[in-house]
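Visitor: Okay, handing you the structure first.
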Amino acid sequence: MEFGNRAVMVVEDHDFQRRMMLRLLKDLGVVDLVEAANGREAMEILTARATPVDVVFCDLDMPEMDGIEFISHLAEKQLALSVAVVSGMEPSILNTVETMARAYGLQVLGAIVKPLTLQELTTCLGRYVPREKDHSGYVAVKEFTPEDLKAGLARREFLAFFQPKVSFSTGELLGVEALVRWFRPGHGVVTPIYFIPSIELEGLVVPLTETLLQQTCAYLLAWQERGLHLDASVNVSMLCLSDVSIADRFNDIVRKADCDPKRITLEVTETEVMSEVAKVLNVLARLRLKGFGLSIDDFGTGYSSLQQLSNVPFTELKIDQSFVKDSPEQPRHRTIVQTSLELARKLNLKTVAEGVETRAEWDLLKSLGCEQAQGYFIARPMPGPQIPDWAQLWQAPEAQ
Ligand code: C2E
Ligand code: MG
Ligand code: MG
35 MEFGNRAVMV VEDHDFQRRM MLRLLKDLGV VDLVEAANGR EAMEILTARA
85 TPVDVVFCDL DMPEMDGIEF ISHLAEKQLA LSVAVVSGME PSILNTVETM
135 ARAYGLQVLG AIVKPLTLQE LTTCLGRYVP REKDHSGYVA VKEFTPEDLK
185 AGLARREFLA FFQPKVSFST GELLGVEALV RWFRPGHGVV TPIYFIPSIE
235 LEGLVVPLTE TLLQQTCAYL LAWQERGLHL DASVNVSMLC LSDVSIADRF
285 NDIVRKADCD PKRITLEVTE TEVMSEVAKV LNVLARLRLK GFGLSIDDFG
335 TGYSSLQQLS NVPFTELKID QSFVKDSPEQ PRHRTIVQTS LELARKLNLK
385 TVAEGVETRA EWDLLKSLGC EQAQGYFIAR PMPGPQIPDW AQLWQAPEAQ
C-alpha cells in the first residue's frame, strides 16, 4: 500500500466526519492510525507515543483546545512532522494558519476546505516527504551548543548544496542557489532552519557565509571545466552586513578563487534585529559597486518589504514560495505574484520564482512573465558534483 508506512492522526470533534476520514485513510492503506476529538486529547495521545506521527489532519474549530493552539504545541514539542488543516473556514483563514504552521517549522501538506474528498486526502498524503525517503536524510535535531556550531565550522561540516535556477522561456540552466547543510557526524544532516537562528545569535554568520562563498566559487570553476558556465546565489543574512569590512572580504574571497563577483548574487534575508541601518546600506552599496548582484529573498514576507526595495540597490526580486504555492488555485496568491512581477519589471529587476512544485505553477508563472524558476518541480538541492549530470538530463517541461 502506498501510504502503509505513514503514521497518521485525525483530530476532529465531529464524530461523523472523523469516522469518515478514518475510513478513507484506512482505504488508502494507512495502518498506524490514531484519532482524537480535540486538541487536548490529541496532545495526550501524542505525548504518550514513542515516535512522532508523520501526518496530522486537524480541524480548526474544536472545543477545549482549538486547532491553532494545537498546531503550535504540536510544533513546539515536535510531536508530528507534518500537518494538513481541514476546516469549514474560509480560505484566507486557512491560509493564515498554514503560514503559521510553516513558521513553526512544520511541513504543511495543505489546507482543505470541508467537505473533504478522497482525492484531496490522497494529494495531501502524497505531498508528505517521509524521512526515510527524503534522500537528504535531514534530521530535526535542535540539541546542539554554541561550541558544537563553532567546532562544526572549524571542522568544515557546513557544506553547500546547490539548487538549479532555470529560464522559464528557454528552459536553460542559468545558475544555482547555494543552500547550506550541516553534516554533523553521528547526527546526520541538519537542515538550515534548525541552526541558522543559532548561528546568527552566536555571531557566527560571517564565517558561515564566507565558507559558503568559497565552496560556491570552487564549484563554479569546477563546473566551468565541464563546460557549464553558471551564475550562483549565496544567502546572506542582514546581520552579516553591519560589519563594514564585509564588502572587501567577500570581494577578496571571490577574486582569490579566480571568480568574478558579477557571477555571484547575494540573496539578502532580513532579520528582526536590524539596528545599524546606515552600515548595512553602506555595505550593500559597496558590494554592488564591486559587481555582486543583490537579490531580495522571500519578497513580500516578514521584513522583505517595499521599504527595503526603495532603499537598497537590488538587482533581483525573488518571489517567496508561499505565494508561488497554489497560485494557480488561489486568486490571492496569483494577484500577489502578478503585482510583484509588475513591480520588478518597473524597477528593472530580474525575477525568480522559488518553490515551483507543479506543472500548473510553472505554466502560470511563465505566462505571467517571470524570468527564472527554482523549485522541486525542476530539481531539489543537490551536492555540487551532481550538477553537471543533472544538467545533461534536464529538459524543460515543454520539451518532454
Ligand atoms: P531560501 O533562501 O528562501 O531558500 C529556499 C528554501 O526553499 C530552501 O530550503 C530550499 O531547499 C527550499 N525549496 C526549494 N524549492 C522548493 C520547493 O519546490 N518546495 C519547497 N517546499 N521548498 C523548496 P533550505 O535549504 O531548507 O533553506 C531554508 C532557508 O535557510 C533559506 O531559505 C535561507 O533563508 C536559509 N539558508 C540556507 N542556506 C543559508 C546560508 O548559507 N546562509 C544563510 N544566512 N541562510 C541560509
Ligand atoms: Mg535564498
Ligand atoms: Mg527564499
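Numbering (the numbering used here), first residue to last: 35 to 434.
Idealized CB from N, CA, C, for every residue including glycine.
1) If you run the structure through DSSP and keep just helix, strand and coil, what is residue 148?
2) What are the partner residues of residue 407, as DSSP defines its beta bridges?
3) For a quick check, are the C-beta atoms of residue 275 and residue 214 less than 8 Å apart?
4) How would you label residue 299, buried or exposed, when you count the other beta carbons within 10 angstroms and need 16 or more for buried?
5) Specify whether the segment 407 to 426 and the segment 379 to 397 touch according to this definition: at least 3 beta carbon pairs, one from each stretch, less than 8 Å apart.
6) Short of 7 Å in beta carbon distance, which residues of its chain neighbour residue 254, apart from the five on each side in sequence? Order them along the chain.
7) Do residue 100 and residue 121 have their C-beta atoms closer together than 8 Å?
8) The beta strand (DSSP E) with residue 380 in it runs from where to where?
9) Could you have a look at residue 274 and say whether DSSP puts it in helix, strand or coil?
10) Going by DSSP in three states, residue 428 sits in which element: helix, strand or coil?
11) Please report how far the alpha carbon of residue 139 lies from the alpha carbon of residue 132, in whole angstroms.
12) Taking DSSP's pairing of strands, which residues face residue 211 in a bridge?
13) Give me the DSSP bridge partner(s) of residue 60.
14) In this structure, does DSSP put residue 36 in helix, strand or coil?
15) To the nearest angstrom, how far is the alpha carbon of residue 413 from that of residue 197?
16) Return yes when the C-beta of residue 253 is under 7 Å from any heavy atom of ligand 1, and no when it is not.
17) Can you check which of these residues, 103, 45 and 282, is closest to residue 326 by C-alpha distance?
18) By the DSSP assignment, the beta strand (DSSP E) with residue 92 in it spans what residues?
19) What I want to know is whether the C-beta of residue 331 ends up closer than 7 Å to one or more non-hydrogen atoms of ligand 2.
20) For the 8 Å Cβ check, are there 3 or more pairs between the segment 191 to 210 and the segment 143 to 157?
21) Pull the bridge partners of residue 69 from the DSSP assignment, please.
22) Where does residue 433 fall in DSSP's three states?
Guide: With the structure as the only source:
1) Here residue 148 sits in coil by DSSP.
2) In the DSSP output, where bridge partners are listed per residue, residue 407 has 200 and 387.
3) For the 8 Å CB-CB criterion, residue 275 and residue 214 do not form a contact.
4) So residue 299 counts as buried.
5) Flag = yes, the segment 407 to 426 and the segment 379 to 397 touch.
6) Correct list, in chain order: 264, 266, 293 and 297.
7) Going by C-beta atoms, residue 100 is not nearer than 8 Å to residue 121.
8) Following the DSSP letters along the chain, one finds residue 380 in no beta strand (DSSP E) but inside the alpha helix (DSSP H) bounded by residues 365 to 380.
9) In the structure shown, residue 274 adopts helical secondary structure according to DSSP, grouped into three states.
10) The answer is coil: DSSP assigns residue 428 none of H, G, I, E or B.
11) Roughly 11 Å between the two C-alpha positions.
12) Residue 211 pairs with 197 and 267.
13) In the DSSP assignment, residue 60 is bridged to no other residue.
14) Coil, per DSSP.
15) Each residue's alpha carbon lies about 7 Å from the other.
16) No; taking the cut-off as 7 Å, the Cβ of residue 253 has no heavy atom of ligand 1 nearer than that.
17) Selected option, being the one with the closest Cα: 282.
18) First-last of the beta strand (DSSP E) with residue 92: 87 to 93.
19) Taking 7 Å as the cut-off, one finds at least one heavy atom of ligand 2 near enough to the beta carbon of residue 331.
20) A contact is defined here as three or more CB-CB pairs under 8 Å, and the segment 191 to 210 fails this definition with respect to the segment 143 to 157.
21) Beta-bridge annotation (DSSP): residue 69 is paired with 44.
22) Of the three classes helix, strand and coil, the one that applies to residue 433 here is helix, per DSSP.
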